[in-house]
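Counting in the working numbering, the sequence shown runs from 51 upward without gaps. Report on the following structure.
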Amino acid sequence: MTRSVRLGTISIIALSLAACGGGGSDSDVSDNGGSTPVSSSSIILNAKDYTPSRLNTAAKAIANAQYQGETVNAEVDIELVQEAFNLLFNDSVMTVPELAEQDFSNDVNGGSIKKTYTCDQGGSVAYDGKVSDTLTGTIAMNYQNCWLYSNGVAISGSTAIAIESVSDSAVKYSMYFDSLTWTIEGVPHTLSGVVSIDEGFNETNGSYHVDTSQHVAFTIGAEQYKLTGDYDISDSPNESLNHAELDFYVGSKGKLAVEAEAPEYLWPYMYDGEVVIAGDKTATLLFEQSTIRYLEDTDNDGTYDLGTFIIGAHDLISGNLADRSLVAIAAMSMPPTVYAPDFYTWDNVDTTTPITVSPGYYNDSDTDYEDLSFSYRWYLNGVLVEDVTGDTFPAYRAVFNDVVEVSMVVSDSANTVESDRTSITLSDAPAQVAFENLPESVSPGEYIEFRAIVSDPDLGDNQGAPTLVSAPAGATINEDGLISWQAPSNQLFKTQLYEFGFSTGEDGAEVVKTDVSVTNNEVQELARSGIEVPKMNNSMVVGDFDHDGDNEVLSTDSANRVFLLSYQNGSYNQTWMYPYKIEHGETVKQVLSTDFDNDDYPDILVISEHGVSIVTDIDEAATTLFTTDNFIHSAVLGDIDNDGDDELAYLYSSRDYGDANDIVVVDLNSPESPLFTFTAENTYEIALGNVDSDAQLELVTNSGLVYDLDTGENQWFLNSGFGSHHIAVADINGDGIDEIVGADSWSYIYVYSAQDKSQITSVENFNTCDISAGKLTDDSNPVLLVGDCQWGNVHAMKLSNNTLTSVFSVDMVDHGSTSLTLGDADNDGLNELLWGTGTTSSGEDLLVTADVTATSATIKTTATTHQLDSFNAAGWADLYPGDERAVFFVPSTGSGYDGSKVLLMENSGNYITSEEISSNWDDSSIAVTTDYNNDGAGDLFLPSAETYDGAFAAMRLNDFSIQYEITGDYSNDVSVIKAFDFNNDGFDDAVYVDGRTLKAVDVNNQVMLATYTMPQYFRDFDIVAMNGNVYVALSQGDDITQLLKPTTSGFSIQASADISCARLAFINADSDAAAELACYNNQNQSLVIFDVTDTSLTKTSDVSVSKVIVDMVANPVTATEQTLLVTTAREDDWSHYGASELSEMTVEGISIWKSPALIGPARSYSLHARKSAEGSLEVMMATSRVMYWLGRVN
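If you want it as structure tokens, here you go:
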């Protein structure tokens, strides 16, 4: 029914006549010219009784009466010009609601319309008028709080339309307003007056015109406005022109005479034209393509005196022009272009966070970049913060839900431009919990009291006593925040973290979790892995680390595993492994050895990317000595002050690869105060040794620097360097002074004398991976040890007559060499030479050992290790009655080049592995222990895939023999396997998933009991016996979890729930005998509990959990009101070298305790728990990198 027409300040709504049919008389309306006075409002309300002339006079009178503002010439400035332009030419500032929306065509009777219409959102509008057959006439519309869906506002007041003529191509009409009111966002608007429109289109020449005359007053909030004048549009194929001549009154300022002209109908976004605004002086907006000149004639002499540039329509419409400086016309320059500051963060910003921004783009076409100045403006909830002008908004200046905005202000010699604002809304700052009187060491069974103090950074300190939201069993809190708790008497880990959750108690308050650490060094976690080798040099040490009188080999995988190897019966066994990921340090770089605690035994020093830790007792947790934000590349030990204690020198940089430029030397007892710091550009390795005749050690770098470690002075700088990558120092010629040996990665090995500051000799070596030095025998001089790269050898060399000569060369066995190490590894009284190999290829990594004499080396072939790639825990089993092992399935070996094996671990940690079971190219990984024939000898249900042909097998563990096998082809894919007495005959059956088919097999009788083919992909299943029946919970696809019950040869679907469960576990969560079903829904990261009956799955709870659960089982220590044991990724670290956690969780999703960071990502279907004979919890689990046996009784 309506359309919008631009009329200067506002959009006025005109009736679209073609849409509203009518009929009846076309006679003139009497204007009731009697002597009785009629109010202007009455005339508008009864418009059909008056001529257009009388309506015009009445509407103007109403408009004049409504405007009570200033009428003198306004004081013109750039802000008033901006305001006037927006009101006159920007539709988004002031828009009249849609009018005449009702279709009255069916309600015209005899040429008259008189009807009240209900508006679709409330209120009404009354139509009263006359319409001729030629669609001319007059209609009054009286709005009473009329709320139309198309407007979104309620309209009240009177309006009328008088249609003088109408045709297919032309229309002439007037609209009259009497206090038409509405409210937008709390701001009242009132409109009165008249607008007349003559609009037409000439089909012959294609020209179009709209001539508009208006006399209106309008009020927006507290400000009044009045507009009189004409606005004309003419548009032809050859020329378009828009012209306006208006008197515009601003109530608080006065009168402005406005004349505007533009060649295109593009206001306010026009590229050509001008707007002249005159008051006490004259100002002009001159539009020139993408810029606008603002010009002022300050003395009204017809010549512009001052001006500035405005950067396009956006700046004119919404820019802050208040502080735009005007300059002489000759001095005008283009203003800078400036974008909002950049702010990048992936973390929440709260009151504790300083907000730092970086400059947005800025440029000035006629000012050099270096001549521009910029600063920032910060706004807090829209108010300028005057004392902050830099790039950082300080912490604690804003609080939760405050809006902090920042803009850039760029200035040249003539213009100052403020950018748009970047907006940041502050998040709720986490409550901060502090403890009073918390003991530093909490022992098992100890009764403790401590106070919890909760402060909210957004609200201030002392918010009252916190609410204890979650806590370990037995913990209480009183009204003063005093917590009382007795630590449990037993636990799985040396250090176990018990979780307390606090809240301020307010609605929506964030729960703050705090760990209380309980330490019990009597706990001995059993952790083992395959035997790995270092990827870095100087990372193996031979010594008695377990104080048993025999030497062990200390080593690492240069990632996250630190372990000891013992030579037993011709081969190496891993006899100790640090069970946790090294705290704070990230990736392990090296392991070194020093007697830190002066007990005459070597201690383990772990060098990590960002820190250094010490293990003084392998039965206790490591202690962090220091951390750094920089990346440590390598480190060496040496007693630089001859006090009997080693100092540490380490090489570091700001990145974790390539060379480094900085070296620090520290006392390990006070590493926070460096003894020396050195700059050594382009350095890869460092060494310590006495290379001169004094008593002090020197620091030597491969890049050619020698520093005295008594004075810190540089003693020699060889500009060419001692070698491109490697460095070693040793007395290899027996003269009592260490020589410097450097090596290129490719090409040569060099020997230097620091005494003479000269090169002694060199020898060509194609590709060097490591150099080291030491005595082959106790009574021989040190020799130089060189490990080749690629397919090479390990060499021993001596320096005789200033020439390097070969002592021996021995095959490296595989590709590359690392960490050449001498020591009595097999405790035969003679040294062995050890190295890692295979690390520079994709194949297996090997530890190689060679017996050495003063002149020869012989590889101990039986001692060469083999690599186990990853692990899955299968459960416990007796090889023979009473002879128990922990059983692990190894899906692949030899760095993925060899197939699966089975590993049997004793309670002591010693283990053996089977021969290869199958090639297992499909990487099936889940196996489970059983005694399926009840003969007292444990068995294993396992996958036995050859290449990609999936298969299932039953293995007797005491001889690793396959007792039964179901072979398959490429379409078979055995995944989850469980052992369960499916047919209730007293013997375990195999229940497993093959592709999309669930199968139950009586292995003892070699009979297929049941199958069920899933319509969607498999997620998880669990199985339980309840009330004499067997039930299988099965989850598949994205939204199906079913309860199945065995039939004669298949399964019946007893119940179903529309939910996806990544993990399922039957658990007795309450006090009755029936089982419940726990479901971890990874789509919503929630824990869902179902009551289970024969025919139903009824959801009883659904809670969000903060952890991504990998595996979960019921805690078997109690038969009822059970909790869950869960493995999760620690801090969402899913990388191959990441960490995981084991924790106990209630079915309400509340964490009770958690482990320290365990090494490697947790494996699915690799968590087993049982109640020990002593009634405590015992757990076997595996990550991809470590096997764990926890809670065992020695």
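All C-beta atoms, glycine included, are put in the ideal place defined by N, C-alpha and C.
- Query: Which term fits Gly455, buried or exposed, when burial requires 16 or more other beta carbons within 10 angstroms of its beta carbon?
  - Reply: Taking the sequence shown and counting its residues from 1, the one referred to as residue 455 is at position 405. Correcting the residue type first, residue 455 is Glu in the shown sequence and not Gly. Buried is the call here.
- Counting only runs of 3+ residues fully inside the stretch 948-975, write out the beta strand (DSSP E) ranges in chain order. 951-955, 961-963
- Query: Which word fits Val1229, buried or exposed, when buried means at least 16 other C-beta atoms lie within 10 angstroms of its C-beta?
  - Reply: Position 1179 of the sequence shown, counted from the start, is the residue given in the question as residue 1229. Buried, because 16 or more other Cβ atoms sit within 10 Å of the Cβ of Val1229.
- Item | Alpha-carbon to alpha-carbon, Phe1030 and Val1153 | For the purposes of this step, residue 1153 is taken as the residue at position 1103 of the sequence shown. For the purposes of this step, residue 1030 is taken as the residue at position 980 of the sequence shown. If I take the Cα positions, the gap works out to 30 Å.
- Query: For Leu615, is the classification buried or exposed, using 16 other Cβ atoms within 10 angstroms of its Cβ as the cut-off for buried?
  - Reply: Here residue 615 is taken as the residue at index 565 of the sequence shown, counted from 1. Under this definition Leu615 is a buried residue.
- Alpha carbon of Val1074 to alpha carbon of Leu918, nearest angstrom: Translated into positions along the sequence shown, residue 1074 becomes position 1024. Translated into positions along the sequence shown, residue 918 becomes position 868. Each residue's alpha carbon lies about 34 Å from the other.
- Item | beta strand (DSSP E) segment containing Arg427, residue limits | Indexing the sequence shown from 1 puts residue 427 at position 377. Where Arg427 is concerned, the enclosing beta strand (DSSP E) stretches over 423-430.
- Any chance you could list the beta strand (DSSP E) runs of at least 3 consecutive residues sitting entirely within the stretch 1008-1050, in chain order? 1011-1016, 1024-1030, 1039-1044
- Task: Using alpha carbons as the reference points, say which of Tyr226, Val591, Thr233, Lys1049 lies closest to Ser263.
- Result: Locating residue 263 in the sequence shown gives position 213, counting from the first residue. With distances taken between Cα atoms, Ser263 lies closest to Tyr226.
- Message: Does Arg1113 come out as helix, strand or coil in the three-state DSSP assignment?
- Response: To locate residue 1113, count along the sequence shown from 1; it is residue 1063. In the structure shown, Arg1113 sits in a strand (DSSP, three-state: E or B).
- Query: Which of the three DSSP states, helix, strand or coil, is assigned to Arg1235?
  - Reply: In the sequence shown, the residue the question calls residue 1235 occupies position 1185. Coil, per DSSP.
- Message: Considering only their Cβ atoms, is the gap separating Asp462 from Leu422 smaller than 8 Å?
- Response: Position 372 of the sequence shown, counted from the start, is the residue given in the question as residue 422. Position 412 of the sequence shown, counted from the start, is the residue given in the question as residue 462. Taking 8 Å as the Cβ cut-off, Leu422 and Asp462 qualify as a contacting pair.
- Item | Own chain, CB closer than 7 Å to Val638, minus 5 neighbours either side, in chain order | Along the sequence shown, read from residue 1 onward, the residue named residue 638 stands at position 588. Excluding residues within five positions, the ones whose Cβ falls inside 7 Å are Thr606, Ser608, Ala609, Asn610, Val612, Ile632, Val656, Ser658.
- Task: Name the two residues that bound the continuous beta strand (DSSP E) containing Gln765.
- Result: For the purposes of this step, residue 765 is taken as the residue at position 715 of the sequence shown. Counting along the chain, the beta strand (DSSP E) containing Gln765 begins and ends at 764-767.
- Query: From which residue to which residue does the beta strand (DSSP E) around Ala780 run?
  - Reply: Translated into positions along the sequence shown, residue 780 becomes position 730. Residues 776-780.
- Label Met9 either buried or exposed according to how many other C-beta atoms from any shown protein chain fall within 10 Å of its C-beta, with 16 as the threshold for buried. Past the edges of the chain, shown from 51 to 1244, lies residue 9, and the structure says nothing about it.
- Task: With a cut-off of 8 Å on the beta carbons, I'd call Tyr622 and Ala936 a contact; round off their distance for me.
- Result: Along the sequence shown, one-based indexing puts residue 622 at 572. Along the sequence shown, one-based indexing puts residue 936 at 886. That belief does not hold up - the Cβ atoms of Tyr622 and Ala936 are roughly 20 Å apart, past 8 Å.
- Mapping DSSP to helix, strand and coil, what is His845? Position 795 of the sequence shown, counted from the first residue, corresponds to residue 845. In this structure, His845 counts as strand in the three-state DSSP scheme.
- With distances taken from CA atoms, which of Asn680, Tyr199, Pro480 is nearest Ile713? Position 663 of the sequence shown holds residue 713. Looking at the Cα atoms, Asn680 is the closest of the given residues.
- Leu1227 by DSSP, collapsed to three states: which one? In the sequence shown, the residue the question calls residue 1227 occupies position 1177. Three-state DSSP puts Leu1227 in a strand.
- Element boundaries [alpha helix (DSSP H), containing Glu129]: The residue given as residue 129 occupies position 79 in the sequence shown. Unbroken alpha helix (DSSP H) run through Glu129: 128-139.
- Between which two residues does the alpha helix (DSSP H) containing Asn528 stretch? Walking along the sequence shown from the start, residue 528 turns up at place 478. Premise fails: Asn528 is in no alpha helix (DSSP H) and is neither H nor E.
- Buried or exposed for Gly83, please, with buried defined as at least 16 other CB atoms from any protein chain shown within 10 angstroms of its CB. Translated into positions along the sequence shown, residue 83 becomes position 33. Because the pLDDT of Gly83 is 44, which lies under 50, any placement of that residue in the model is unreliable, and the question is left without a value.
- If Lys1204 sits next to Leu547, beta carbons under 8 Å apart, how far is it from one beta carbon to the other, in whole angstroms? Position 1154 of the sequence shown, counting from 1, holds the residue named residue 1204. Position 497 of the sequence shown, counting from 1, holds the residue named residue 547. So it is a contact: roughly 5 Å between Cβ atoms.
- Going along the chain, which residues of its own chain have a beta-carbon closer than 6 Å to the beta-carbon of Leu241, five neighbours each way excluded? The residue labelled residue 241 in the question sits at position 191 within the sequence shown. So the list reads Phe227, Leu230, Phe268, once near-sequence residues are dropped.
- Task: To the nearest angstrom, report how far apart Phe443 and Asn487 are at their CA atoms.
- Result: Walking along the sequence shown from the start, residue 443 turns up at place 393. Walking along the sequence shown from the start, residue 487 turns up at place 437. Rounded to the nearest angstrom, the two C-alpha atoms are 36 Å apart.
- Residue closest to Ser408, alpha-carbon to alpha-carbon, out of Val459, Ser368, Val449, Glu436: Stepping through the sequence shown from its first residue, residue 408 is reached at position 358. Minimum Cα distance to Ser408 is reached at Val459.
- Beta-carbon gap between Pro102 and Ser208 smaller than 8 Å: Residue 102 sits at position 52 when you count from the first residue of the sequence shown. Residue 208 sits at position 158 when you count from the first residue of the sequence shown. Not in contact: Pro102 and Ser208 (Cβ atoms no closer than 8 Å).
- Message: What does the alpha-carbon distance come out to for the pair Ser770 and Ser753?
- Response: Indexing the sequence shown from 1 puts residue 770 at position 720. Indexing the sequence shown from 1 puts residue 753 at position 703. C-alpha separation (whole angstroms): 7 Å.
- Touch check for the stretch 116-126 and the stretch 299-308: three-plus C-beta pairs under 8 Å? yes
- Query: Using the C-alpha atoms, what's the distance from Tyr354 back to Thr402?
  - Reply: Indexing the sequence shown from 1 puts residue 402 at position 352. Indexing the sequence shown from 1 puts residue 354 at position 304. Thr402 and Tyr354: Cα-Cα distance of roughly 53 Å.
- Query: Thinking C-beta only, is Gly986 closer than 8 Å to Asp895?
  - Reply: The residue given as residue 895 occupies position 845 in the sequence shown. The residue given as residue 986 occupies position 936 in the sequence shown. Their beta carbons are not under 8 Å apart, which means Asp895 does not touch Gly986 by this criterion.
- Since Gln624 contacts Ser579 with CB under 8 Å, what's their CB separation in whole angstroms? Position 574 of the sequence shown holds residue 624. Position 529 of the sequence shown holds residue 579. Going by Cβ atoms, the distance from Gln624 to Ser579 rounds to 7 Å, so yes, they are a contact pair.
- Message: As a quick exercise: from Thr517, Leu990, Tyr1020, Tyr1014, pick the residue whose alpha carbon is nearest that of Glu996.
- Response: As a position in the sequence shown, residue 996 is number 946, starting the count at 1. Measuring from the Cα of Glu996, the nearest candidate turns out to be Tyr1020.
- Query: Around the C-beta of Pro1246, are 16 or more other C-beta atoms found within 10 angstroms, so that it is buried, or is it exposed?
  - Reply: In this structure the chain extends from 51 to 1244, so residue 1246 is not present and cannot be described.
- Message: Once the 5 residues before and after Cys1111 are set aside, which same chain residues still bring their CB inside 7 Å of it?
- Response: If you number the sequence shown from 1, residue 1111 lands on position 1061. Only Arg1069, Asp1070, Ser1085, Thr1091, Cys1129, Tyr1130, Asn1131 meet the Cβ criterion.
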